[in-house]
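Right, one structure below, let's go through it.
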Amino acid sequence: MGAETGKMRIIVIGGCTLMTAAAVSVAGIIGWVGLIMPHLARGLVGPDYGRLLPVSAVLGGVYLVLVDDLARMAGPLEMPLGILTALIGAPFFIFLLARTRRAWA
Numbered sequence: 014m015g016a017e018t019g020k021m022r023i024i025v026i027g028g029c030t031l032m033t034a035a036a037v038s039v040a041g042i043i044g045w046v047g048l049i050m051p052h053l054a055r056g057l058v059g060p061d062y063g064r065l066l067p068v069s070a071v072l073g074g075v076y077l078v079l080v081d082d083l084a085r086m087a088g089p090l091e092m093p094l095g096i097l098t099a100l101i102g103a104p105f106f107i108f109l110l111a112r113t114r115r116a117w118a
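Using the numbering used here, read the sequence shown as starting at 14 and increasing by one per residue.
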């Protein structure tokens with residue numbers, strides 16, 4: 014149809030990245046949980062949404078409880094939960110992006 018797919022792909026990925034960054038900036042870094050857990054759940058149960066949604070919710074809850082326990086045990090002062098979710102979530106998200114990029118090539 015005459016659309017430059019390479020240019021369009023860059024625009025769409027850039028727009029999605031900006032929307033994700035805006036959502037995380039408003040909701041806080043704990044919003045990473047909502048970005049990461051569905052990917053993990055899809056890897057466990059597949060693309061069936063009847064099973065994906067409950068598994069994703071349970072994984073998100075378990076993840077936050079474990080990270081909260083880890084934050085409370087980290088030392089004499091309680092570490093903010095967002096720091097741990099970022100330390101765990103950011104490398105995983107970069108891994109997902111790298112894996113997806115290889116699939117696009």
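Just so it is clear, CB atoms sit at the ideal spot from N, CA and C, and this is done for glycine as well.
* To do: Please state if the CB of G95 and the CB of I43 are separated by a distance shorter than 8 Å.
  => Your numbering for residue 43 matches position 30 in the sequence shown. Your numbering for residue 95 matches position 82 in the sequence shown. Yes, they are a contact pair.
* Unbroken alpha helix (DSSP H) run spanning D81, endpoints -> Within the sequence shown, the letter at position 68 stands for residue 81. Y62 to M86 is the extent of the alpha helix (DSSP H) around D81.
* Asked: What is the C-beta distance between M92 and A84, in whole angstroms, given that I count them as a contact (C-beta under 8 Å)?
  -> Taking the first residue of the sequence shown as 1, we reach residue 92 at position 79. Taking the first residue of the sequence shown as 1, we reach residue 84 at position 71. About 4 Å; that satisfies the 8 Å criterion.
* **Sub-8 Å separation of L97 and V80 beta-carbons** => For this step, residue 97 is matched to residue 84 along the sequence shown. For this step, residue 80 is matched to residue 67 along the sequence shown. Yes, Cβ-Cβ distance for L97 and V80 is below 8 Å.
* Asked: Can you tell me the Cα-Cα spacing of R112 and P104, whole angstroms?
  -> One-based indexing of the sequence shown puts residue 112 at position 99. One-based indexing of the sequence shown puts residue 104 at position 91. Near 12 Å, if we compare the C-alpha coordinates of P104 and R112.
* Ordered along the chain, which non-local residues of its own chain (more than five positions away) have a Cβ less than 7 Å from that of V58? -> Indexing the sequence shown from 1 puts residue 58 at position 45. For V58, where only same-chain residues beyond five positions count, the Cβ hits under 7 Å are R64, L65 and V68.
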